[in-house]
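A.B. asks: As given, the protein sequences belong to chains A and B, one line each in that order. The opening position of the first sequence corresponds to residue 285 in this note's numbering, with each subsequent residue numbered one higher. The opening position of the second sequence corresponds to residue 6 in this note's numbering, with each subsequent residue numbered one higher. Here it is: the structure, laid out below.
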Amino acid sequence: MNIVVLVKHVPDATADRRFESDNTVDRVGVDGLLSELDEYAVEQALQIKEKSGDDVTVTALSIGPEKATDAVRKALQMGVDQGVLVTDDAIAGSDAVATSLILAKAIEKIAEGNGAADLVVTGMASTDAGTSLVPAMLAERLGLPQVTFASVVETQGDQIRAKRDGDAATEVIGATLPVLLSVTDQTGEARYPSFKGIMAAKKKPLETYTLADLGVDAGQVGLDAAWTTVEETTARPPRTAGEIVTDEDGSGAKALADFLASKKFI
Amino acid sequence: MSEILVLVDHVDGNVRKTTNELLTIARRLGEPSAVFIGSGEAPVEALKKFGAEKVYVVDDAEIKGYLVAPKAEVLAQIAAQASPGAILIPSSAEGKEIAGRLAIKIESGVITDATDVTDGGVTTQSVFAGSFTVQAKVAKGTPIITVKPNSAAPEEVAGAGAVEQFAATISDAAKTAQIVASQPREATGRPELTEAAIVVSGGRGTGGNFDPIEALADSLGAAVGASRAAVDSGWKPHTFQVGQTGKVVSPQLYVANGISGAIQHRAGMQTSKTIVAVNKDEEAPIFELVDFGVVGDLHTVLPALTEAINQRKG
Numbered sequence: 285m286n287i288v289v290l291v292k293h294v295p296d297a298t299a300d301r302r303f304e305s306d307n308t309v310d311r312v313g314v315d316g317l318l319s320e321l322d323e324y325a326v327e328q329a330l331q332i333k334e335k336s337g338d339d340v341t342v343t344a345l346s347i348g349p350e351k352a353t354d355a356v357r358k359a360l361q362m363g364v365d366q367g368v369l370v371t372d373d374a375i376a377g378s379d380a381v382a383t384s385l386i387l388a389k390a391i392e393k394i395a396e397g398n399g400a401a402d403l404v405v406t407g408m409a410s411t412d413a414g415t416s417l418v419p420a421m422l423a424e425r426l427g428l429p430q431v432t433f434a435s436v437v438e439t440q441g442d443q444i445r446a447k448r449d450g451d452a453a454t455e456v457i458g459a460t461l462p463v464l465l466s467v468t469d470q471t472g473e474a475r476y477p478s479f480k481g482i483m484a485a486k487k488k489p490l491e492t493y494t495l496a497d498l499g500v501d502a503g504q505v506g507l508d509a510a511w512t513t514v515e516e517t518t519a520r521p522p523r524t525a526g527e528i529v530t531d532e533d534g535s536g537a538k539a540l541a542d543f544l545a546s547k548k549f550i
Numbered sequence: 006m007s008e009i010l011v012l013v014d015h016v017d018g019n020v021r022k023t024t025n026e027l028l029t030i031a032r033r034l035g036e037p038s039a040v041f042i043g044s045g046e047a048p049v050e051a052l053k054k055f056g057a058e059k060v061y062v063v064d065d066a067e068i069k070g071y072l073v074a075p076k077a078e079v080l081a082q083i084a085a086q087a088s089p090g091a092i093l094i095p096s097s098a099e100g101k102e103i104a105g106r107l108a109i110k111i112e113s114g115v116i117t118d119a120t121d122v123t124d125g126g127v128t129t130q131s132v133f134a135g136s137f138t139v140q141a142k143v144a145k146g147t148p149i150i151t152v153k154p155n156s157a158a159p160e161e162v163a164g165a166g167a168v169e170q171f172a173a174t175i176s177d178a179a180k181t182a183q184i185v186a187s188q189p190r191e192a193t194g195r196p197e198l199t200e201a202a203i204v205v206s207g208g209r210g211t212g213g214n215f216d217p218i219e220a221l222a223d224s225l226g227a228a229v230g231a232s233r234a235a236v237d238s239g240w241k242p243h244t245f246q247v248g249q250t251g252k253v254v255s256p257q258l259y260v261a262n263g264i265s266g267a268i269q270h271r272a273g274m275q276t277s278k279t280i281v282a283v284n285k286d287e288e289a290p291i292f293e294l295v296d297f298g299v300v301g302d303l304h305t306v307l308p309a310l311t312e313a314i315n316q317r318k319g
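What follows is the structure, encoded as structure tokens:
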């Protein structure tokens, strides 16, 4: 069985995230790390590997500048078997459409060595752009059933069952492998790399692909080829400091009620 | 003027408020055409009331047992026939997935989580946990835009509401992810979290007791939310979670109680118009965001506040 898990290297959400002058996300000048939401995807991929007695290969796949290797390495340290980074100057500024194209081609390329992927696992969204578009787009491109926003995942043989908390209902989604699976943070804590895992990761295969390796024309990707354009990015003005009162002998509730009344909420 | 397709968000034929907002936005761009995918009688009158000139009715008997993919095929087929000027879809998890698949199918750009759309098709989004505002535009094909709740005040304008029964052809490939069971969300009697004008949330500081949160919410006619800490502790189901991995809300008033204000939570509420917090810890980062804050114990402040509100109302 082959599992490909997608891992994105994102600017640290606790750092000062910003845009470049061309309105693309600054991915170089801000500290980055493996997107937290993708750690849950790595965890589920590893749990499926551990539960299924079969010979399972888990490959972590990422796209990004060279420093995105860090995200792949983190996945290797967590226990993934091998890693692939697609990196090419022409990719910078790609939208979800181009990203899903590159990922689809990379998944096909990985299949040449490993055999076709039975499961492609992703997080529910990235922590930077956060559009949640890529999993659905990838399912569309690969022609795979999409089992997405799973909060609980169960596999048995070639069957997969997932719980999905929809807007109006909680659903159970069922499909037959191969499948594209996206998981939420409700699937359970992701493991920390152990010391042994960190040492072992150094010996694991980590390959780099360029667009040419994937047969993707550079003109199809990148900022100029994007099907959407960002016209302007503006830092939100900091909120003006509000009034803070300390509750003494019930004064807090009254002050708050007065405030809400002054704003016509009462 | 070209047609603007609006995918109708409904539960068993009851149109949700977000649809009225989308129809209102659609009128800025062209002539609104509602796309109703469902069973039974289509809610044509409700859609006409907010300006739908046309209503495409698609019977979902064949597709309702499958996730996302069939709806993207339906929209692609209607788009091929109508050549719309834009396609507006509610910005729910499902809506964004439909939009993503549709974008690939009809080779068009897609923008998600818009909080505004101008008559020129320029969208506004809030990104990086609300710390940046982005203005964007679709550069290729038919703009596909998912729009967040509360992005426009619904305006009633009578539309013609001409009904067209649309027979979509659904491929076998779109029927591979099956919905094998479905449990409708229990009605709380309170407004929907993402649509509510006021949201009252509780966090770790509740210690698991949401009674004061719920009583305050009811006095204000508000929705109830929870922080990730409260959800992870099992005090509230995940559907209540406000934050990056839960619901992103932007109400007129957000009341955070016993919530420290971690980045994960801020990402879900930072764009609220007015923010109020009650927290025992005066150092809690939530106080950096508030218009009004009370340093105090929510278990004493909230019941007194609820009583004061009920008195003033009475």
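We treat Cβ as the ideally placed atom computed from N, Cα and C, and that holds for glycine.
Closer than 8 Å by beta-carbon distance: list the chain B residues that pair up with A:T383, in chain order.
C.D. replies: Those within 8 Å of A:T383 in chain B number zero; the least Cβ separation is about 11 Å.
A.B. asks: Please name the residue, chosen from B:L258, B:G125, B:A74, B:K285, that lies closest to B:L198 on a Cα-to-Cα basis.
C.D. replies: With distances taken between Cα atoms, B:L198 lies closest to B:L258.
A.B. asks: If we call anything under 7 Å between Cβ atoms a contact, is B:S96 one with B:K142?
C.D. replies: Their beta carbons are not under 7 Å apart, which means B:S96 does not touch B:K142 by this criterion.
A.B. asks: How is A:A519 classed by DSSP in three states: helix, strand or coil?
C.D. replies: A:A519 falls in the strand class under three-state DSSP.
A.B. asks: So, for A:V463: in the same chain, excluding its five sequence neighbours on each side, which residues have a beta-carbon less than 7 Å away from its beta-carbon?
C.D. replies: Taken in chain order, the residues that qualify are L403, L428, P429, V431, I444.
A.B. asks: With distances taken between CB atoms, is the gap from A:Q470 to B:H243 smaller than 7 Å?
C.D. replies: Yes, the pair counts as a contact, with Cβ atoms nearer than the cut-off.
A.B. asks: From this set, B:T305, B:G35, B:Y61, B:H270, which residue's C-alpha is nearest A:E532's C-alpha?
C.D. replies: Looking at the Cα atoms, B:T305 is the closest of the given residues.
A.B. asks: Just to confirm before moving on: does the CB-CB distance between A:K351 and A:S319 stay below 7 Å?
C.D. replies: No, they are not a contact pair.
A.B. asks: Can you give me the C-alpha to C-alpha distance between A:E438 and B:D14, rounded to a whole angstrom?
C.D. replies: Rounded to whole angstroms, A:E438 to B:D14 spans 30 Å at the Cα level.
A.B. asks: Within 7 Å of any Cβ in chain A, is that where the Cβ of B:H304 sits?
C.D. replies: No - not a single Cβ of chain A is within 7 Å of the one on B:H304.
A.B. asks: From this set, B:A134, B:L28, B:K54, B:I42, which residue's C-alpha is nearest B:Y61's C-alpha?
C.D. replies: Measuring from the Cα of B:Y61, the nearest candidate turns out to be B:I42.
A.B. asks: Mind listing which residues of the stretch 534-550 of chain A have their C-beta closer than 8 Å to chain B's C-betas, in chain order?
C.D. replies: Under the 8 Å Cβ criterion, the stretch 534-550 of chain A contributes G534, G536, A537, K538, A539, L540, A541, F543, L544, A545, K547, F549, I550.
A.B. asks: Are the stretch 196-211 of chain B and the stretch 259-272 of chain B in contact at 8 Å, needing three or more beta carbon pairs?
C.D. replies: With the cut-off at 8 Å, the stretch 196-211 of chain B and the stretch 259-272 of chain B touch.
A.B. asks: Could you check what DSSP says for B:K145 in three-state terms: helix, strand or coil?
C.D. replies: In the structure shown, B:K145 sits in coil (DSSP, three-state: anything other than H, G, I, E or B).
A.B. asks: Quick check for students: name the residue ranges of the alpha helix (DSSP H) that lie wholly in the stretch 428-463 of chain A, counting only runs of 4 or more.
C.D. replies: Segments of the alpha helix (DSSP H) lying fully in the stretch 428-463 of chain A: there are none.
A.B. asks: Determine the extent of the alpha helix (DSSP H) in which B:P75 is found, giving its start and end residues.
C.D. replies: Run containing B:P75: 74-87, per the alpha helix (DSSP H) assignment.
A.B. asks: By Cβ distance below 6 Å, which residues in the same chain neighbour B:M6 in space, the five residues on each side in sequence not counted?
C.D. replies: Result list for B:M6: G35, E36, in chain order.
A.B. asks: Using 7 Å as the limit for Cβ to Cβ distance, is A:T371 near chain B?
C.D. replies: Output row for A:T371: interface = no.
A.B. asks: Taking the straight line between their C-alpha atoms, what separation do you get for A:V309 and A:A299?
C.D. replies: C-alpha separation (whole angstroms): 13 Å.
A.B. asks: Need the endpoints of the alpha helix (DSSP H) that B:I268 sits in, please.
C.D. replies: First-last of the alpha helix (DSSP H) with B:I268: 268-274.
A.B. asks: Would you list, in sequence order, the uninterrupted alpha helix (DSSP H) runs of no fewer than 4 residues that lie entirely inside the stretch 311-382 of chain A?
C.D. replies: If we require 4 residues or more, the alpha helix (DSSP H) runs fully inside the stretch 311-382 of chain A come out as 320-335, 353-362.
A.B. asks: Between the C-alpha atoms of A:A420 and B:K76, what's the straight-line distance to the nearest angstrom?
C.D. replies: Going from the Cα of A:A420 to the Cα of B:K76 covers about 12 Å.
A.B. asks: Starting from B:A31, trace the alpha helix (DSSP H) in both directions and tell me its first and last residue.
C.D. replies: Taken as a continuous stretch (DSSP letters only), the alpha helix (DSSP H) holding B:A31 covers 22-34.
A.B. asks: Could you please give the first and the last residue of the uninterrupted beta strand (DSSP E) stretch that includes B:I116?
C.D. replies: 115-119 is the extent of the beta strand (DSSP E) around B:I116.
A.B. asks: Whole angstroms are fine: how far does the CA of B:I150 sit from the CA of B:G135?
C.D. replies: Rounded to whole angstroms, B:G135 to B:I150 spans 19 Å at the Cα level.
A.B. asks: Nearest chain B C-beta to A:Q430 closer than 7 Å, yes or no?
C.D. replies: Yes, contact with chain B.
A.B. asks: Examine the Cβ distances between the stretch 408-424 of chain A and the stretch 381-391 of chain A and report whether three or more of them are shorter than 8 Å.
C.D. replies: Counting Cβ pairs under 8 Å, three or more are found: they touch.
A.B. asks: If we call anything under 7 Å between Cβ atoms a contact, is A:I528 one with B:G298?
C.D. replies: A contact, by the Cβ cut-off of 7 Å.
A.B. asks: Taking C-beta pairs closer than 7 Å, name the residues in chain B that A:G526 reaches, listed in chain order.
C.D. replies: By Cβ distance, chain B contributes V295, D296, F297, G298.
A.B. asks: Taking only the alpha-carbon atoms, compute the straight-line gap between B:A119 and B:V16 and give it to the nearest angstrom.
C.D. replies: Their Cα atoms are separated by approximately 23 Å.
A.B. asks: So is B:L310 in contact with chain A if we call contact Cβ pairs under 7 Å?
C.D. replies: With 7 Å as the cut-off, B:L310 counts as an interface residue toward chain A.
A.B. asks: Mapping the DSSP letters down to three states, classify B:N315 as helix, strand or coil.
C.D. replies: Three-state DSSP puts B:N315 in a helix.
A.B. asks: Excluding the five sequence neighbours on either side, which residues of its own chain have a C-beta within less than 8 Å of the C-beta of B:L138, listed in chain order?
C.D. replies: Per the sequence presented here, residue 138 of chain B reads as Thr, with Leu not at that position. Counting only Cβ-Cβ distances below 8 Å, and skipping sequence neighbours, we find T129, Q130, S131, V132.
A.B. asks: The beta strand (DSSP E) that contains B:K59, what's its start and end?
C.D. replies: That run of the beta strand (DSSP E) goes 59-64.
A.B. asks: What's the call for B:P148, buried or exposed, on a 16-neighbour Cβ count within 10 Å?
C.D. replies: So B:P148 counts as buried.
A.B. asks: Which residues in chain B have a C-beta closer than 8 Å to the C-beta of A:G503? List them in chain order.
C.D. replies: Ordered by position in chain B, no residue passes the 8 Å Cβ test against A:G503, which lies about 14 Å from the chain.
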